[in-house]
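Asks: Respectively, the protein sequence lines represent chains A and B.
Using our numbering, the first residue of the first sequence is number 551, and each one after it goes up by one.
Using our numbering, the first residue of the second sequence is number 179, and each one after it goes up by one.
Glycine included, each C-beta is placed from N, C-alpha and C at the ideal position.
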Amino acid sequence: MGRMTLLSSATILKSAAFGLAVSAGLLLGQTGAEAAAKTAITVGMTVEPAGLDPTIAAPVAIGQVTWQNIFEGLTTIDKAGKIQPQLAESWQISPDGLTYTFKLRQGVKFHNGVAFDSAVAKFSIDRARGADSVNPQKRYFASIDTVETPDASTLVLKLKQPAGSLLYWLGWPSSTIVEPKSAADNKTTPIGTGPFKFVSWSKGSKVDLARNADYWNKAVSLKLDTAAFRFISDPQAQAAALKAGDVDAFPEFGAPELIKSFEGDKRLTTVIGNTELKVVAGMNNTRKPFSDKKVRQALMMAVDRATVVEGAWSGFGTPIGSHYTPNDRGYKDLTGVYPYDAAKAKALLAEAGFPNGFTFTIKAPQMAYAQRTSQVLQAMFAEIGVTMNIETTEFPAKWVADVLKAADYDMTIVAHAEPMDIDIYSRDPYYFNYKNPAFNDVLKKVEMTSDAAGQEKLYGEAQTILSNDVPALFLFVMPKLGVWDGKVKGLWENEPIPSNVLTDVHWEE
Amino acid sequence: MISILIRRTLSLAVTLLIVSLLIFTVMDLLPGDPAAIMLGTSASPETLAALQKQLGLDQPLPVRYLAWLAGVFRGDLGQSYTYGVPVAGLIGERLAVTLPLALIAIVLSVAIAIPLGVQAARKHNGAFDFVAGLFSYISIAVPAFWVGLLLIILFSTMLGWMPAGGFPGWDAGLSAGLKALILPAVALALPQAGVLTRVARAAVLEVMNEDFVRTARAKGLSEGIAIWRHAVPNALVPVFTMLGLQFTFLIAGAVLVENVFNLPGLGRLAYQALSQRDIIVMQDVVLFFSALVILMNFLVDLAYLVVDPRLRAGAQ
Chain A
551 MGRMTLLSSA TILKSAAFGL AVSAGLLLGQ TGAEAAAKTA ITVGMTVEPA GLDPTIAAPV
611 AIGQVTWQNI FEGLTTIDKA GKIQPQLAES WQISPDGLTY TFKLRQGVKF HNGVAFDSAV
671 AKFSIDRARG ADSVNPQKRY FASIDTVETP DASTLVLKLK QPAGSLLYWL GWPSSTIVEP
731 KSAADNKTTP IGTGPFKFVS WSKGSKVDLA RNADYWNKAV SLKLDTAAFR FISDPQAQAA
791 ALKAGDVDAF PEFGAPELIK SFEGDKRLTT VIGNTELKVV AGMNNTRKPF SDKKVRQALM
851 MAVDRATVVE GAWSGFGTPI GSHYTPNDRG YKDLTGVYPY DAAKAKALLA EAGFPNGFTF
911 TIKAPQMAYA QRTSQVLQAM FAEIGVTMNI ETTEFPAKWV ADVLKAADYD MTIVAHAEPM
971 DIDIYSRDPY YFNYKNPAFN DVLKKVEMTS DAAGQEKLYG EAQTILSNDV PALFLFVMPK
1031 LGVWDGKVKG LWENEPIPSN VLTDVHWEE
Chain B
179 MISILIRRTL SLAVTLLIVS LLIFTVMDLL PGDPAAIMLG TSASPETLAA LQKQLGLDQP
239 LPVRYLAWLA GVFRGDLGQS YTYGVPVAGL IGERLAVTLP LALIAIVLSV AIAIPLGVQA
299 ARKHNGAFDF VAGLFSYISI AVPAFWVGLL LIILFSTMLG WMPAGGFPGW DAGLSAGLKA
359 LILPAVALAL PQAGVLTRVA RAAVLEVMNE DFVRTARAKG LSEGIAIWRH AVPNALVPVF
419 TMLGLQFTFL IAGAVLVENV FNLPGLGRLA YQALSQRDII VMQDVVLFFS ALVILMNFLV
479 DLAYLVVDPR LRAGAQ
């Protein structure tokens, strides 16, 4: 605990120092390294991946380095969040939704020269769903009954029950296609079919990639010869690296309060997009008084989301009314269901039997957004007579143990990173302890249909149910704070899936 | 002398063994399951069990401890859960950064502190003494990472003379490597130098009026020679002690400084491993740090014997 306070006061000191220095830097003007049409890029990331195989561990940083750069899937997810063919050229779904027949692309080779065919695809899927599999999204493959390979370019998946999201899931980093011989070593030396080959990994520092000269997709013209991902966790160090020109781009810059400091820098450009990170204050729906829907609704009405975004993340971020982001298909703006109204909130609380409010504890992870949001919420709840104590809980280790696994908490706050994960509210057990058969039915129907429009309508229904029931306080979607050299083009502005796709990245004079 | 060495070495081994047991049990008590962290928020219980088995986490504590200890004796420190590579190699790579960093910092702090402290003692209560005192108070009060930030702002973002952080690797050449280490080393050295200056000043002041220094002066030696040849060597004992004690602070400070400068050193490895609950890396790194500190104390003890003949005589 002492360490925590030390670190946070250290952060304040550092921020203050940096503010001063940045002003000084602006006065003096900046001189960046001017370069001719370059064919190399250094991309900064906050978190170093834990291993480089997205099919055996969950951390998003793994996909952010490898997905679409080194590894590819049968399908992929594009900039707009839409499913696109990749190693599968096309597919047919039987009318009952139980048979998926994929036509596989031919002439695709892995970086080690091995050809991609139906046997390789079968190996990848069987590896992901097998008994010993440690694939973090193993449940996505649960609906698959058999995998058949009638010929080298055809793959047939027979399902036990319809799975309307299967094509989407096959586009995930955890579903990428791996080659049998090299699969075991992908954690340290990843081998895929993508436009970039793995070169080296200096642990704690960077991962180097080089262009794959034999890349199968001739439709794309790669402009980069080499790319490096550098890992810098400290936001001040990130800013310094950008300003010093050590790093060309930070697609997800770590500190919103420092974004304004780049505005005077002619060399750098800031691009604010959306991510899939939904910041929600989850409540233990079976614990009193949160078991009372009125209490949860009252708390939601006590929250002014715009102020939360302002206080927690310097005004960057989009308020949400349900567990869904504007990137996602079928998004409905539900922020108006329980808009900020402290008087109404107080009345509803009295109706629920708490005219004098109550006291509870939030388990807030140490991350800046969680701490700051908690403090803003604390002040807002005080307005309606509710006292919230803030208990800092180390993330991920202690949070995973106490909240996620044991559900031992009143309220917590965390940014849910997985795209389209509205189904977490139908999982049992899951830390919200939210149980609503009507909601589960809607999600089941989503899986029964593979019709996109029908799915979007159902997702709309699911959002509305959550918005009314308030199993969690839906706060905001994290922004994607991109800061990069103005001459760098082709990086994704939004993040429908956690990634740093380098295919289109190039330098422009 | 020999018997002292044997006794000290034995106690060193026993201490290390006790420390290893402590480390292992304490790490085990830490909340958080490495397998659960690796699998994220949506893994099923079966997947979790599969990964725990794969990592050997399903074994009981004593079995895991003995297996670890046996491995350590064989020189096999195990495999990092998150990186998937042998820990020994990881520590080796990181040492190539942290060791030179610590060494430069120690040399720098001694190079600043000894002349400053001695001079302050000679001119005690004068203007020089006052300035030296001010220097040491400020440098003790200001944390290393803060100094580091100021250095980055001045030399990297404003002047552009130095890299803002990171480490190019020793393959990039000696000068590139040293360039990356010099700012963090200064940041680490300054607080150290502050403390050492105080200690050196006090120690020299104390011996300055001892009989042997007075004798040296009486023999007609100049003040400078009397101080440097006779007073300073005797004053070095407390300075060494402090240096030994400070070593632990140096390592702790390196964790923060390595973060600020984004250096892939041992401190950052420990910090990352802790947050990821890469238990095996934690155990190995903490054992390594402990061994280093214990060894450092051992060396300080030996240094006493070398520096102060009276201790050597007493020991025989």
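(1) If you check the beta carbons only, do B/R446 and B/V433 fall under 8 Å apart?
(2) From which residue to which residue does the alpha helix (DSSP H) around B/Y315 run?
(3) Identify whether B/F202 lies in helix, strand or coil by the three-state DSSP scheme.
(4) Going along chain B in order, which residues have a C-beta closer than 9 Å to the C-beta of A/V684?
(5) Taking the alpha-carbon of A/T857 as reference, which of A/Q928, A/S724, A/T625, A/A902 has the nearest alpha-carbon?
(6) For B/R446, go through chain A and note every residue whose CB falls closer than 8 Å to its CB, in chain order.
(7) Look up A/I562 in the DSSP assignment and say whether it is helix, strand or coil.
(8) Counting along the chain, where does the alpha helix (DSSP H) carrying A/N685 start and finish?
(9) Would you say B/F345 reaches chain A, if we count a Cβ-Cβ gap shorter than 8 Å as a contact?
(10) Would you report the Cα separation of A/L637 and A/R689, rounded to the nearest angstrom?
(11) With distance defined between alpha-carbon atoms, name the residue in A/K737, A/G865, A/D784, A/K1007 nearest to B/T260.
(12) Quick one: what does DSSP say A/K1067 is sitting in, helix, strand or coil?
(13) Within 8 Å of any Cβ in chain C, is that where the Cβ of A/I972 sits?
(14) Using three-state DSSP, classify A/T820 as helix, strand or coil.
(15) With 16 other CB atoms within 10 Å as the buried threshold, where does B/R455 fall?
(16) Measure the alpha-carbon distance for A/D682 versus B/K231 and round it to whole angstroms.
(17) Pick helix, strand or coil for A/P635, following the three-state DSSP scheme.
(18) Excluding the 5 residues preceding and the 5 following A/N990 in the sequence, name in chain order all residues of the same chain whose CB lies nearer than 8 Å to its CB.
(19) Excluding sequence positions up to five away, which residues of its chain have a Cβ less than 6 Å from the Cβ of A/N685?
(20) From B/D479 to B/L414, what distance separates their C-alpha atoms?
(21) If you reduce the DSSP assignment to three classes, tell me which class A/Y874 lands in.
(22) Please classify B/G431: is it buried, with 16 or more other beta-carbons within 10 angstroms of its beta-carbon, or exposed?
(23) Keeping to the same chain, check which residues put their C-beta closer than 8 Å to that of A/A574; ignore five residues upstream and five downstream.
(24) Is A/R761 closer than 8 Å to A/P745 when the C-beta atoms are compared?
(25) Would you kindly check if the distance between the Cβ of A/V887 and the Cβ of A/G871 is under 8 Å?
(26) Give me the DSSP bridge partner(s) of A/A594.
(27) Throw me the rounded Cβ distance for the A/L709 and A/S693 pair, which I believe falls under 8 Å.
(28) B/G144 versus chain A: which residues are under 7 Å apart at the beta carbon?
(29) What does B/P442 touch in chain A if you count any residue whose Cβ is under 8 Å from its own?
(30) What residues from chain A crowd round B/R455, counting only those whose CB sits closer than 7 Å?
(31) Please report the residue range of the alpha helix (DSSP H) in which A/G657 lies.
(32) Given a limit of 9 Å on CB to CB distance, which residues of the stretch 309–330 of chain B reach chain A?
(33) Okay, do the stretch 930–947 of chain A and the stretch 897–916 of chain A touch, 3+ Cβ pairs below 8 Å being the bar?
(34) Which two residues bound the contiguous alpha helix (DSSP H) that contains A/W863?
(35) Could you please give me the residues that DSSP links to A/F746 through a beta bridge?
(36) In this structure, does DSSP put A/K653 in helix, strand or coil?
Replies: Answer, in terms of the structure:
(1) yes
(2) 305–319
(3) helix
(4) A213, M216, L217, A221, T225, L226, A228, L229, Q232
(5) A/Q928
(6) G754
(7) Model confidence at A/I562 stands at a pLDDT of 44, short of 50, so the residue's coordinates are unreliable; what they give is reported in the following sentence. Three-state DSSP puts A/I562 in a helix.
(8) Element bounds for A/N685: n/a, residue is neither H nor E.
(9) yes
(10) 22 Å
(11) A/K737
(12) Residue 1067 of chain A lies beyond the range of chain A shown here (551 to 1059); nothing can be said about it.
(13) Given the protein chain composition of this structure (A and B), no chain C is represented.
(14) strand
(15) buried
(16) 10 Å
(17) strand
(18) S976
(19) T605, A678, S724
(20) 13 Å
(21) coil
(22) buried
(23) Because A/A574 carries a pLDDT of 44, less than 50, the predicted location of this residue cannot be relied on, and the following value inherits that uncertainty. None.
(24) yes
(25) yes
(26) It is worth fixing the name first, because residue 594 of chain A is Gly in this sequence and not Ala. Partner(s): A/R780.
(27) 5 Å
(28) Outside the displayed span of chain B (179 to 494) sits residue 144 of chain B, for which this structure offers no information.
(29) S752, K753, G754, S755
(30) A947
(31) Looking at the DSSP string, A/G657 is not in any alpha helix (DSSP H), and its letter there is neither H nor E.
(32) P321, F323, W324, L327, L328, I330
(33) yes
(34) 855–863
(35) A/R761
(36) strand
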